[in-house]
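Visitor:
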């Protein structure tokens, strides 16, 4: 109805002024019917009529209205300008205001000059001719910058007990938790920008005291850590809107922020894993547990004595001198020899690979389809250098080692594990008289030596990277 009245009175010229100006605040709250009623006047406005539409959500205004208006985006006023203007007002009113109090008022106004002036007016009425920072904080439930910095220091240093004690003191003093979390968000945002800009305070609206605090805190955390803490408190601010136990929620968020400050990012974990895989080529393999020699029991002593008597009665012919095993030249034997020179982590990348060819001074190792990630991890200078050195050790020096994409050969099978060495015993001429001895069962693989396993450098490094502990070891 008011829009219709406006539309009817707009054509009439003003009585004394040049223009008739209509200011509509929060124009996005108008209904669709009101917009439609106003649209005709906007399409063909009289020469003496001007409309000013103010809104904080321009995206909710109908496009037909926006297309007929000039847009002016108003920005927030900086803290420095608000402080300057409030200082001027205080001088005119002959009121003494502490600089820290002016900073607190400007910070609470959040870029709005009208809110800052209203706050100063209330303080003058309440406090008289002298206003301190404590007056501002107590009246509006704000948190001092020193308390915010102290709480941020405890979070970055990982001191949970001082951080929770600081929070308890703030809540006991009547501080609003949502505003406190907002102050922490703003502080860690400043820390992140300070780190990214390498100390350029021109991007920040902070006091000199906060500048020195950020310089010290920048030594405790990098931009990534500040970003993780920001995510924690941003989630906390969102959950505070409907939380019943706000203090508990903020305490949990502080504990999460302490963990986030010292946590390792996913990229850092992947970089450490890649480094471990690369170092695995030259690192010593994980020591395997030695099988204990079978002890002779009291019952088996007579059998040993008989065997010794037989050995004395019938001397065994001298065994031929042991010949050095020829170096493998190709096939599964060469592949097994190459894999033996690699560490356990690096060897895993070659699980599906195979020996492709050795010709013209080039060792070619093929990776079947679907093993692109393994090929990429295996293709690093240290691993290639280790394989090249092993080929030279086997007497088949190559000038280059190539890892290529290739199909697995149909006639190639993975080499079987090397059988345990067995001592060949020649039967004595009169061995038919002695009862045939049953073949001794192969000794089972002994248990893993946990001390050697835990002290292995590679295992120690993996536990340090993942901050874990060994639960079980299976062989």
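Residue numbers (this note's numbering): 24 to 498.
Backbone N, C-alpha and C define an ideal beta-carbon position, used for all residues, glycine too.
Source: prediction; values computed, not measured.
Just to confirm my understanding: we take residue 64, look at its own chain, exclude 5 residues before and 5 after, and list those with CB closer than 7 Å. What are they?
Guide: If you number the chain shown from 1, residue 64 lands on position 41. Taken in chain order, the residues that qualify are 30 and 33.
Visitor: Can you find the residues in the same chain that come closer than 6 Å, C-beta to C-beta, to residue 457, ignoring five residues on each side of it along the sequence?
Guide: The residue you call residue 457 lines up with position 434 of the chain shown. With a pLDDT of only 45 at residue 457, under the threshold of 50, the placement of this residue in the model should not be trusted; the figure read from the coordinates follows. In the same chain as residue 457, and ignoring 5 residues on each side of it, no C-beta atom comes closer than 6 Å to its own.
Visitor: Determine, using beta carbons only, whether residue 178 and residue 280 come nearer to each other than 8 Å.
Guide: Counting from 1 along the chain shown, the entry for residue 178 is found at position 155. Counting from 1 along the chain shown, the entry for residue 280 is found at position 257. It is a contact, given that the beta carbons lie within the stated cut-off.
Visitor: With DSSP run on the structure shown, which of helix, strand or coil describes residue 152?
Guide: Counted from its first residue, the chain shown places residue 152 at position 129. In the structure shown, residue 152 sits in coil (DSSP, three-state: anything other than H, G, I, E or B).
Visitor: Which residues in the same chain as residue 49 place their Cβ atom closer than 8 Å to its Cβ, once the five residues preceding and following it in sequence are excluded?
Guide: On the chain shown, residue 49 is found 26 positions in, with the first residue counted as 1. Same-chain partners within the cutoff: 77, 78 and 79.
Visitor: Across which residues does DSSP place residue 46 in a beta bridge pair?
Guide: To locate residue 46, count along the chain shown from 1; it is residue 23. Its beta-bridge partners are 75.
Visitor: To the nearest angstrom, how far is it from the Cα of residue 364 to the Cα of residue 295?
Guide: Position 341 of the chain shown holds residue 364. Position 272 of the chain shown holds residue 295. The straight-line gap from Cα to Cα measures roughly 22 Å.
Visitor: Would you mind sorting residue 198 into buried or exposed? The rule is 16 or more other CB atoms within 10 Å of its CB.
Guide: Along the chain shown, one-based indexing puts residue 198 at 175. With 16 or more other Cβ atoms within 10 Å, it is buried.
Visitor: Which residue's Cα is closest to the Cα of residue 301: 38, 403, 479 and 109?
Guide: Counting from one through the chain shown, the residue named residue 301 turns up at place 278. Of the residues 38, 403, 479 and 109, the one whose Cα lies closest to the Cα of residue 301 is 403.
Visitor: In the DSSP assignment, what residue or residues form a beta bridge with residue 428?
Guide: Position 405 of the chain shown, counting from 1, holds the residue named residue 428. Looking at the DSSP assignment, residue 428 forms a beta bridge with 390.
Visitor: Would DSSP call residue 32 helix, strand or coil?
Guide: Here residue 32 refers to the residue found at position 9 of the chain shown. Note: residue 32 maps to helix in three-state DSSP.
Visitor: Which of the three DSSP states is assigned to residue 496 in this structure?
Guide: Within the chain shown, the letter at position 473 stands for residue 496. Three-state DSSP puts residue 496 in coil, outside helix and strand.
Visitor: Does the separation of the CB atoms of residue 98 and residue 66 fall below 8 Å?
Guide: Here residue 98 refers to the residue found at position 75 of the chain shown. Here residue 66 refers to the residue found at position 43 of the chain shown. No Cβ-Cβ contact shorter than 8 Å links residue 98 with residue 66.
Visitor: Taking the beta carbon of residue 259 as the centre, do at least 16 other beta carbons fall within 10 Å, making it buried, or is it exposed?
Guide: Indexing the chain shown from 1 puts residue 259 at position 236. By the neighbour-count rule (16 or more Cβ atoms within 10 Å), residue 259 is buried.
Visitor: Closest by CA to residue 383, which one among 422, 394 and 389?
Guide: Within the chain shown, numbered from 1, the residue matching residue 383 stands at position 360. Of 422, 394 and 389, the residue nearest in Cα terms is 422.
Visitor: Please list the terminal residues of the continuous beta strand (DSSP E) segment that includes residue 382.
Guide: By one-based count along the chain shown, residue 382 stands at place 359. Where residue 382 is concerned, the enclosing beta strand (DSSP E) stretches over 377-382.
Visitor: Run the CB neighbour count on residue 587, radius 10 Å, all protein chains shown included, and call it buried at 16 or more, exposed below.
Guide: Only positions 24 to 498 of the chain appear in the structure, and residue 587 is not among them; the question remains open.
Visitor: In chain order, what residues of the same chain lie with their CB nearer than 7 Å to the CB of residue 105, ignoring the 5 residues before and after it?
Guide: Numbered from its first residue, the chain shown carries residue 105 at position 82. If we look at residue 105 and ignore the five residues flanking it on each side, its Cβ neighbours are 129, 132, 136 and 139.
Visitor: Looking at the structure shown, is residue 121 part of a helix, part of a strand, or coil, going by DSSP?
Guide: Numbered from 1 along the chain shown, position 98 holds the residue referred to as residue 121. Coil.
Visitor: First and last residue of the alpha helix (DSSP H) that includes residue 168?
Guide: If you number the chain shown from 1, residue 168 lands on position 145. Its alpha helix (DSSP H) spans residues 168-180.
Visitor: In whole angstroms, what is the alpha-carbon distance linking residue 127 and residue 159?
Guide: In the chain shown, counting from the first residue as 1, residue 127 sits at position 104. In the chain shown, counting from the first residue as 1, residue 159 sits at position 136. Their Cα atoms are separated by approximately 7 Å.
Visitor: Between the Cα of residue 238 and the Cα atoms of 164, 250, 224 and 410, which residue gives the shortest distance?
Guide: Position 215 of the chain shown holds residue 238. Residue 224 holds the alpha-carbon nearest to the alpha-carbon of residue 238 among 164, 250, 224 and 410.
Visitor: Looking at the structure shown, is residue 159 part of a helix, part of a strand, or coil, going by DSSP?
Guide: Walking along the chain shown from the start, residue 159 turns up at place 136. Three-state DSSP puts residue 159 in a helix.
Visitor: Measure the C-alpha to C-alpha separation of residue 405 and residue 371 and round it to an integer number of angstroms.
Guide: Position 382 of the chain shown, counting from 1, holds the residue named residue 405. Position 348 of the chain shown, counting from 1, holds the residue named residue 371. About 15 Å.
Visitor: With a cut-off of 8 Å on the beta carbons, I'd call residue 73 and residue 119 a contact; round off their distance for me.
Guide: Residue 73 sits at position 50 when you count from the first residue of the chain shown. Residue 119 sits at position 96 when you count from the first residue of the chain shown. Cβ-Cβ separation between residue 73 and residue 119: approximately 43 Å, too far for a contact (criterion under 8 Å).
Visitor: With 16 other CB atoms within 10 Å as the buried threshold, where does residue 293 fall?
Guide: Locating residue 293 in the chain shown gives position 270, where the first residue counts as 1. Result: exposed.
Visitor: Classify residue 423 as helix, strand or coil using the three-state DSSP reduction.
Guide: Start at 1 with the first residue of the chain shown, and residue 423 comes out as number 400. Residue 423: strand per DSSP, three-state reduction.
Visitor: Indicate whether the contact test is met: 3 or more Cβ pairs, each with one atom in the region 249-256 and one in the region 222-236, closer than 8 Å.
Guide: no
Visitor: Compute the distance between the beta-carbons of residue 175 and residue 207, then report whether it is under 8 Å.
Guide: Position 152 of the chain shown holds residue 175. Position 184 of the chain shown holds residue 207. Yes.
Visitor: Out of curiosity, what's the CA-to-CA distance linking residue 261 and residue 269?
Guide: Within the chain shown, numbered from 1, the residue matching residue 261 stands at position 238. Within the chain shown, numbered from 1, the residue matching residue 269 stands at position 246. Computed Cα separation, rounded: 11 Å.
Visitor: How close, in whole Å, do the beta carbons of residue 413 and residue 359 come, if the pair is a contact with beta carbons under 8 Å?
Guide: Position 390 of the chain shown, counting from 1, holds the residue named residue 413. Position 336 of the chain shown, counting from 1, holds the residue named residue 359. Between residue 413 and residue 359 the beta-carbon gap is near 11 Å, outside 8 Å, which marks them as no contact.
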